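The numbering used here numbers the first residue of the sequence shown as 31 and each following residue consecutively. One structure is given here, and the rest of the page talks about it.
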Amino acid sequence: MNDLREKYIELIGAAADEAALEDLRVQAVGKKGEISLQMRSLGKMSPEERQIMGPKLNALKDEINSALAAKKAALADAALNERLQSEWLDVTLPGRTRRQGSIHPVSQVWEECTAIFADMGFSVAEGPQIEKDWYNFDALNIPGHHPARAEMDTFYMNRAEGDDRPPHVLRTHTSPVQIRSMEAQGAPLRIICPGRVYRADYDQTHTPMFHQVEGLAIDKNISMANLKWVLEEFFSAYFGTTVKTRFRASHFPFTEPSAEVDIQCQWKDGSVVVGEGDDWLEVLGSGMVHPKVLAAGGIDPDEWQGFAFGMGIDRIAMLKYGIPDLRAFFDSDLRWLRHYGFASLDVPTIRGGLSR
Ligand code: DAH
């Protein structure tokens, strides 16, 4: 037994790795290992002999097992130490910059609008893109027979056969969010709603999906003068220069009176410069919210009044960043995106002067 102990303690001490150690374990205390075979021979001994040899063999087996465990731990420690010494990381090295993605001009301008209107106390509201025909039309004082429905080239969703409720639509403008916000928040109210809208139209200045930002302010003493101030404030911040506006009488079912708003501009070498000269460019529709629209949103028109406006985000993006064709916005052409895109950390803020 002493020979066995000496042999295995020495071999275990010399084992070079875990695999060698495992071989030794099998050889000594495995099912057919040397020590296991000895233990099996206990059965053939006399009871007296067994009483002496049994505990000794058990002690030997325990000793070998703990020697194996200790060596195993030592080997693992040594392996870890070797890794720690050979592999290392300089955490003071600068990061690798790979400017692969960029922010789409629409996203950038969306954020710019949000930043400017938020600064004037407007919060952002949202609504669904698949809209009930009531929110998109009726509640906005556009009843079933109204020509505005036909003019808008609406996309209609399918209804199951036999279901004759009016079909849902892909919202044709962000104006339905006016009604949803009135219902949800009541008056007074000051919101903008940037979002995607849809119309069946396609040419250099029209795509079937495009973006609008809606504005709505409701209070007791709101007038067209407030509307004009807010819009001039917006355009001046957005274009980074004082921009005059011109209001032209117009008609929208959801406002009374209604105005189309032009901004001051000048044509230079075939491109347009905003904020100078004496040309005008139409950029949005607006007006005082129609009493029927207030009532549809659950607000008492005898107590409250407000202004609303709706503007194309893609259009003002084209104007500010000199992008000639709207369709390119949605082509996902990498060269276009690299050229017109913004760095992801160039987050527009008022104090940062927005984006240039
Ligand atoms: N919804 C209109 C459109 O898509 C734009 C608009 C005009 C919105 C006048 C308004 C408004 O809120 O007052 O053409």
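Here a beta-carbon is modelled for each residue, glycine too, at the ideal position from N, C-alpha and C. Note that the coordinates shown come from a computational prediction; the quantities given were computed from them, not determined experimentally.
Residue i - partner residues in DSSP beta bridges
i    : result
Y186 : V199
E290 : R278, G315
D233 : H236
V154 : I222
W140 : DSSP output for W140 lists no bridge partner at all.
E181 : Its beta-bridge partners do not exist; DSSP assigns none.
E161 : V199
T122 : Per DSSP, none; premise fails for T122.
Q296 : V303
T285 : F282, V319
I133 : F372
Delimiting residues of the beta strand (DSSP E) encompassing residue i
i    : result
Q335 : 335 to 342
S301 : 301 to 304
V313 : 309 to 319
D249 : 239 to 249
R220 : 219 to 228
Spatial neighbours of residue i in its chain, beta-carbon cut-off 8 Å, leaving aside the 5 residues before and after
i    : result
W310 : R276, D292, I293, Q294, C295
Y268 : E142, C143, I146, I346, K350, L384
K250 : P218, E333, W334, Q335
F35  : Contrary to the premise, residue 35 reads as Arg rather than Phe in this sequence. Contacts found: L90, E93, I94.
P283 : L170, N171, I172, H176, A178, H320
H241 : V136, W140, P224, G225, R226, V227, G342, I343, D344
N256 : A247, F337
P158 : R201
I209 : Y165, A169, L170, V323, A326, G327
L105 : A45, D47, E48, L51
L54  : Y38, L41, I42, A45, L98
I353 : P135, A347, F359, Y370
W366 : A358
E117 : none
R229 : M182, D183, T184, F185, T202, H236, P238, F240
R24  : Because the chain spans 31 through 386 in this model, residue 24 falls outside it and cannot be assessed.
Start and end residues, alpha helix (DSSP H) containing residue i
i    : result
H369 : 364 to 370
E64  : 64 to 70
P77  : 77 to 116
M212 : 206 to 215
E263 : 254 to 269
L54  : 48 to 59
A44  : 32 to 44
Cβ neighbours of residue i in the same chain (closer than 7 Å, five flanking residues each side left out)
i    : result
I94  : Y38, A58, V59, I65
H369 : none
I271 : Just to set this straight, residue 271 is Thr in the shown sequence, not Ile. Result list for T271: G305, in chain order.
I329 : M212, G216, A217, I248
E78  : none
T235 : L356
D231 : D183, P238
V273 : E262, F265, S266, I293, Q294, V304, G305
G63  : V56, Q57
L114 : none
Q138 : F372, P378, S385
G382 : none
W297 : D309
A190 : none
M84  : Reading off the sequence shown, one finds Gly at residue 84, where the question assumed Met. Around G84: L72.
R278 : A289, E290, D292
Close beta carbons around residue i, own chain, < 6 Å, minus the five adjacent residues each side
i    : result
M28  : In the structure as shown, the chain begins at 31 and stops at 386. Residue 28 is therefore absent and cannot be evaluated.
T380 : Correcting the residue type first, residue 380 is Ile in the shown sequence and not Thr. Hits under 6 Å: A145, D149.
S280 : S288, A289, E290
V302 : C295
L119 : none
message = Quick check: the region 214 to 227 against the region 138 to 158, are at least 3 beta-carbon pairs closer than 8 Å?
response = yes
ask   = How do the region 166 to 176 and the region 126 to 142 stand: do at least 3 beta-carbon pairs fall below 8 Å, yes or no?
value = no
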